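Participant:
There are 2 protein chains.
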Amino acid sequence: MAGLVARFAPADLFAQAPGAAQRFGKEKLLVRSLRPPDFETPVALLDSFITPIEHFYVRSHLPAPASLDAASWALKIGGEVDAPVSLSIDEIRKLPAVTITMTLECAGNGRSFFDPAVAGIQWEKGAVGTARFTGARMADVLKRAGAKATGKNVEMHAADRPLGTMPAFVRQVPMAKAMHPDTLVAYDMNGQPISAVHGFPLRAIVPGWEGAYSVKWLTALNVLDKDSDSFWVATGYRYPTRRVAPGAAVDAKDMAPLVGLAVKSLITRPAAGASLPAGQVTVAGFAWAGENDISKVDVSIDSGATWQPARLVGEQAKFAWRRFEHAFAATKPESYLILSRATDAKGNVQPAVAQWNPSGYLWNQYDSVRIEVK
Amino acid sequence: MAGLVARFAPADLFAQAPGAAQRFGKEKLLVRSLRPPDFETPVALLDSFITPIEHFYVRSHLPAPASLDAASWALKIGGEVDAPVSLSIDEIRKLPAVTITMTLECAGNGRSFFDPAVAGIQWEKGAVGTARFTGARMADVLKRAGAKATGKNVEMHAADRPLGTMPAFVRQVPMAKAMHPDTLVAYDMNGQPISAVHGFPLRAIVPGWEGAYSVKWLTALNVLDKDSDSFWVATGYRYPTRRVAPGAAVDAKDMAPLVGLAVKSLITRPAAGASLPAGQVTVAGFAWAGENDISKVDVSIDSGATWQPARLVGEQAKFAWRRFEHAFAATKPESYLILSRATDAKGNVQPAVAQWNPSGYLWNQYDSVRIEVK
């Protein structure tokens with residue numbers, strides 16, 4: 000890794016030109032924000048089990064670090080530990096390597112569909128993707144410093160720098176999840192070093208939880224015997240502990256940190272608005288439920304009046320989405336509203352209407368595409 | 000019946016004052032149009048199996064007749080018959096009397112929920128109600144004139160008068176439906192003479208079909224060996240023969256007359272927006288499917304993720320809605336989006352999304368109410 004350096008030019012960090020996504024190698028993505036870069040994947044580009052890097056969505060809370068030098072990078076482990084330590088990338092690469100296939104989804108994916116509207120990046124359906132992340136176990140890294148039994152949370156710090164009064168992007172993960180053998184300090188994504196915009200040279204990988212736990216440009220793990228008081232733990236990424244009416248104000252005492260992901264499906268084929276000849280139509284897509292397995296996906300070709308079980312096919316990995324397919328005969332010219340509805344192994348079912356919440360998180364109602372058969 | 004006279008003052012026919020609904024004895028209804036009178040029933044007033052007259056919705060295509068005199072009323076039967084005849088109200092009342100309990104629903108009920116929006120009276124959920132209609136069988140009336148075997152349709156004429164270039168409200172019913180023993184020429188509604196605004200002194204009752212077949216102020220039955228060329232048969236009340244995309248233009252050749260009604264349910268209790276104490280909540284309402292029986296109603300208390308079968312209770316009548324009830328324990332303060340979904344005896348199921356069509360007919364997606372448990 001020594002010598003591998005990624006740099007952002009200042010013009011990219013603050014780009015407002017339409018070419019910004021191109022400069023990140025993301026020219027097929029939808030620009031939801033230019034500074035910081037927030038790019039969404041068009042659903043048609045999500046039709047493969049592994050999402051190619053160039054199609055993988057980008058979520059940044061702050062401008063990315065201006066300079067990323069793997070050779071001089073240090074990951075500091077401190078706080079409630081026996082002996083603070085600073086590890087180089089080479090040292091981390093020498094720890095046992097683990098590869099996790101993980102569906103990463105922004106908590107705000109689908110936010111634009113909530114009514115009443117909610118502030119934030121107005122994601123539609125494509126702030127999600129699946130990649131293989133390789134790295135050391137976060138547990139192995141923490142053990143290098145000797146995390147104490149008093150440790151309750153691991154605070155994660157990063158190299159992106161807030162501007163003005165913006166809070167630093169500091170998050171925490173509970174100790175049990177940090178020590179889980181599938182939680183990583185990752186350096187590779189889809190078999191190559193994680194690219195600059197995805198967190199080079201180190202990224203936390205907290206599988207099955209919403210994407211913002213997987214902190215990019217990771218610089219420090221700080222073991223705490225309490226809750227972090229950082230903005231993004233104390234205030235951000237919290238969800239009501241009870242279902243509230245759309246538009247309702249929610250007391251801080253009735254909010255808790257987001258953990259896991261909602262059960263959800265996404266139809267990746269045919270494309271919404273597709274015009275197809277009469278004949279067999281194959282509906283396909285992916286379903287995921289964070290830490291839970293998908294047990295079934297139902298598809299409706301009649302606007303949700305009746306449902307048929309889809310076939311679950313292809314690779315099955317613990318924290319990755321599952322491919323579903325359902326073929327039907329479209330024998331005459333007609334408009335079809337096709338719906339999908341996933342169920343996970345714990346019996347959670349994707350609802351007809353997503354639960355509104357003040358931050359617009361975890362939108363997960365039935366997916367739908369309308370197609371025309373000619 | 001002799002001597003029973005109902006009159007509208009011209010001021011009522013063209014009323015634009017907020018008191019117009021009061022003058023029709025409909026002060027609790029929502030005014031959707033003042034001229035002609037189109038009044039909708041608030042859902043909370045639909046919580047009884049039989050809808051009281053004062054709560055029954057009103058749909059008029061044209062200003063109501065200015066004068067209605069039962070004593071001089073004549074129902075003419077002509078066209079493809081052995082001998083045209085004119086019957087008085089007294090003669091019709093002397094024929095065998097039949098009482099039908101019927102759910103009457105405007106084809107455009109729910110039109111306001113279609114997206115894109117559709118022109119017409121912007122009904123929400125309350126252009127529906129159930130009444131007991133008493134009258135002579137239309138078959139017995141037609142037999143008085145000797146309807147011929149060449150008869151294909153029965154054209155129904157009425158006393159309401161179009162203004163300017165408006166087409167007369169003439170409709171037709173196929174001969175088989177006209178001769179069905181449950182199709183009536185009715186004079187009583189809920190045990191009393193049909194009131195002026197509901198079609199005094201005679202109204203066709205075509206059970207299980209959309210309300211506009213049940214022509215008010217009936218003056219003539221004209222047996223035809225072809226299709227009527229009246230506007231409301233040739234152009235109005237037609238529905239696409241195939242599912243079309245929302246907003247699509249539909250060729251006249253791809254349209255057919257509406258028959259029957261869509262399978263549908265309506266939650267009448269608790270009211271949308273109700274705030275209830277924690278404890279047992281009873282969800283109740285009605286489901287109907289025109290000529291078909293209701294076989295089940297499912298209720299969801301979790302936004303459509305899971306469904307439980309409701310109990311079908313109360314009176315069951317062939318063309319009437321069926322009461323459903325489902326109780327659940329709401330143990331903590333929470334917002335509930337409650338959904339209902341009906342299935343009829345032919346296996347038709349209420350869809351998650353209603354089928355858009357150019358006239359906005361037969362809106363029937365899952366019903367929903369949101370309540371707050373405190």
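Chains as they are written, first to last, in numbering that gives the first Met the number 0: chain R, 0 to 373; chain F, 0 to 373. Glycine included, C-beta positions come from ideal geometry on N, C-alpha and C. Nothing here was measured: the structure is a model prediction, and the numbers come from that model.
1) At a CB-CB cut-off below 9 Å, which residues of chain R make contact with Gly109/F?
2) With distances taken Cα to Cα, identify the nearest neighbour of Ser59/R among Lys176/R, Ser213/R, Arg369/R, Pro308/R.
3) For Ile204/R, which residues does DSSP report across the bridge?
4) Have a look at Ala326/F and Ala70/F and give me their C-alpha separation to the nearest angstrom.
5) Could you confirm whether any beta carbon from chain R is found closer than 7 Å to the beta carbon of Val361/F?
6) For chain R, is any of its Cβ atoms less than 7 Å away from the one on Gly303/F?
7) Classify Leu275/F as helix, strand or coil using the three-state DSSP reduction.
8) Please state the DSSP three-state secondary structure of Gly77/R.
9) Please find out if some non-hydrogen atom of the ligand MG comes closer than 6 Å to the beta-carbon of Ala175/R.
10) Along the segment 230 to 245 of chain F, where does the CB come closer than 7 Å to a CB of chain R? Name the residues.
11) For Tyr365/R, go through chain F and note every residue whose CB falls closer than 7 Å to its CB, in chain order.
12) Give the single residue among Val30/R, Asp139/R, Trp216/R, Ala329/R whose Cα lies nearest to the Cα of Ala158/R.
13) Give me the chain R residues within the contact set of Tyr378/F, using Cβ-Cβ distance strictly less than 9 Å, ordered along the chain.
14) Report the partner residues of Trp287/F according to the DSSP bridge assignment.
15) Since Asn152/R and Gln121/R should fall inside the 8 Å C-beta cutoff, what is the C-beta to C-beta distance between them, to a whole number of angstroms?
16) Between Val372/F, Val298/F, Asn356/F, Gly313/F, which lies nearest to Gly278/F when the distance is taken from Cα to Cα?
17) For Ser299/F, is the classification buried or exposed, using 16 other Cβ atoms within 10 angstroms of its Cβ as the cut-off for buried?
18) Does the distance from the CB of Ala255/R to the CB of Tyr236/R come in under 7 Å?
19) Within its chain, find whatever has a CB closer than 8 Å to the CB of Phe318/F; leave out the 5 residues flanking it on each side and keep chain order.
20) Where does Val140/F sit, in a helix, a strand or coil, going by DSSP?
21) Do Gly78/R and Leu223/R have their CB atoms nearer than 7 Å?
22) With 7 Å set as the bound, which would you pick, yes or no: does the beta-carbon of Val153/F sit closer than that to a beta-carbon of chain R?
23) Report yes if the C-beta distance between Gly265/R and Gly284/R is below 7 Å; otherwise report no.
24) Return the residues of the segment 319 to 333 of chain F that lie within a Cβ-Cβ distance of less than 8 Å from chain R, sorted by chain order.
25) For the alpha helix (DSSP H) that Glu177/F lies in, which residues bound it at each end?
26) Less than 7 Å separating the beta-carbons of Phe199/F and Leu28/F?
27) Label Gln349/F either buried or exposed according to how many other C-beta atoms from any shown protein chain fall within 10 Å of its C-beta, with 16 as the threshold for buried.
28) Measuring only between beta-carbons, confirm whether Val372/R sits less than 7 Å from chain F.
29) Say whether chain F places a C-beta atom closer than 7 Å to the C-beta of Val348/R.
30) Round the Cβ separation of Pro357/R and Val249/R to the nearest angstrom and send it over; I've been treating them as touching at under 8 Å.
31) Tell me the DSSP secondary structure of Ala130/R in three-state form.
32) Do Ala167/F and Pro161/F have their C-beta atoms closer together than 7 Å?
33) How would you list, in chain order, the residues of chain R whose beta-carbon sits under 7 Å from the beta-carbon of Gln354/F?
34) Would Gly359/F and Gly128/F be called neighbours here (beta carbons separated by less than 7 Å)?
35) Residues of chain F with CB under 7 Å from Leu338/R, in chain order?
36) With a threshold of 16 other CB atoms inside 10 Å of the CB of Arg340/F, please say whether the residue is buried or exposed.
Facilitator: Considering the structure as presented:
1) As a position in the second sequence, residue 109/F is number 110, starting the count at 1. Residues of chain R passing the Cβ test: none, with the nearest at roughly 14 Å.
2) Here residue 59/R is taken as the residue at index 60 of the first sequence, counted from 1. That would be Ser213/R, whose Cα lies nearest to the Cα of Ser59/R.
3) By 1-based counting over the first sequence, the position of residue 204/R is 205. Ile204/R is bridged to Leu183/R.
4) Residue numbering aside, residue 326/F sits at position 327 when the second sequence is read from its first letter. Residue numbering aside, residue 70/F sits at position 71 when the second sequence is read from its first letter. So the alpha carbons of these two residues sit roughly 51 Å apart.
5) Residue mapping note: residue 361/F aligns to position 362 of the second sequence, counting from 1. The amino acid at residue 361/F is misidentified as Val; the sequence shows Leu. So, not an interface residue.
6) For this step, residue 303/F is matched to residue 304 along the second sequence. True, the Cβ-Cβ gap to chain R drops below 7 Å.
7) Within the second sequence, numbered from 1, the residue matching residue 275/F stands at position 276. Reduced to three states, the DSSP call for Leu275/F is strand.
8) Indexing the first sequence from 1 puts residue 77/R at position 78. Correct three-state label for Gly77/R: strand.
9) What this structure holds is no ligand at all, so the ligand MG is not there to describe.
10) Arg241, Arg242, Val243, Ala244
11) In the first sequence, counting from the first residue as 1, residue 365/R sits at position 366. Ordered by position in chain F, the residues that pass the 7 Å Cβ test against Tyr365/R are Ala351.
12) Stepping through the first sequence from its first residue, residue 158/R is reached at position 159. If we check each option's Cα against that of Ala158/R, Trp216/R comes out closest.
13) Absent from the structure is residue 378/F, since the part of chain F shown begins at 0 and ends at 373.
14) Here residue 287/F is taken as the residue at index 288 of the second sequence, counted from 1. The partner list for Trp287/F (beta bridge, DSSP) reads Lys263/F.
15) What you label residue 152/R is simply residue 153 of the first sequence in a count that begins at 1. What you label residue 121/R is simply residue 122 of the first sequence in a count that begins at 1. Not confirmed; about 31 Å, so no contact.
16) Indexing the second sequence from 1 puts residue 278/F at position 279. The residue with the shortest Cα to Cα distance from Gly278/F is Val372/F.
17) By one-based count along the second sequence, residue 299/F stands at place 300. With 16 or more other Cβ atoms within 10 Å, it is buried.
18) Mapped onto the first sequence, residue 255/R falls at position 256. Mapped onto the first sequence, residue 236/R falls at position 237. No, these two residues do not count as a Cβ contact at 7 Å.
19) The count along the second sequence starts at 1 and reaches residue 318/F at position 319. Contacts found: Ile99, Thr100, Met101, Thr102, Asp181, Pro206, Gly207, Gly289, Glu290.
20) As a position in the second sequence, residue 140/F is number 141, starting the count at 1. Val140/F: helix per DSSP, three-state reduction.
21) Taking the first sequence and counting its residues from 1, the one referred to as residue 78/R is at position 79. Taking the first sequence and counting its residues from 1, the one referred to as residue 223/R is at position 224. Closer than 7 Å, so yes.
22) To locate residue 153/F, count along the second sequence from 1; it is residue 154. No, Val153/F lies away from the interface with chain R (no Cβ there is under 7 Å from its Cβ).
23) By one-based count along the first sequence, residue 265/R stands at place 266. By one-based count along the first sequence, residue 284/R stands at place 285. As written in the sequence, residue 265/R is Leu, which differs from the Gly given in the question. Judged by their CB atoms, Leu265/R and Gly284/R are nearer to each other than the 7 Å cut-off.
24) Lys331, Pro332, Glu333
25) Numbered from 1 along the second sequence, position 178 holds the residue referred to as residue 177/F. The residue asked about is misnamed: residue 177/F is Ala in this sequence, not Glu. Taken as a continuous stretch (DSSP letters only), the alpha helix (DSSP H) holding Ala177/F covers 174 to 177.
26) By one-based count along the second sequence, residue 199/F stands at place 200. By one-based count along the second sequence, residue 28/F stands at place 29. No, these two residues do not count as a Cβ contact at 7 Å.
27) As a first step, residue 349/F is located in the second sequence; it is residue number 350 there, counting from the start. Result: buried.
28) Here residue 372/R corresponds to residue number 373 of the first sequence, with the count starting at 1. Val372/R does not count as touching chain F.
29) Counted from its first residue, the first sequence places residue 348/R at position 349. For Val348/R, the answer is yes, since a Cβ of chain F falls inside 7 Å of its Cβ.
30) Sequence index remark: in the first sequence, residue 357/R carries index 358 (1-based). Sequence index remark: in the first sequence, residue 249/R carries index 250 (1-based). With 8 Å as the limit, Pro357/R and Val249/R qualify as a contact, their Cβ atoms being about 6 Å apart.
31) In the first sequence, counting from the first residue as 1, residue 130/R sits at position 131. In this structure, Ala130/R counts as strand in the three-state DSSP scheme.
32) Sequence index remark: in the second sequence, residue 167/F carries index 168 (1-based). Sequence index remark: in the second sequence, residue 161/F carries index 162 (1-based). Closer than 7 Å, so yes.
33) Translated into positions along the second sequence, residue 354/F becomes position 355. Per Cβ cutoff of 7 Å: Ser302.
34) Sequence index remark: in the second sequence, residue 359/F carries index 360 (1-based). Sequence index remark: in the second sequence, residue 128/F carries index 129 (1-based). It is not a contact, given that the beta carbons lie outside the stated cut-off.
35) As a first step, residue 338/R is located in the first sequence; it is residue number 339 there, counting from the start. Here the neighbours are Ala351.
36) Walking along the second sequence from the start, residue 340/F turns up at place 341. So Arg340/F ends up on the buried side.
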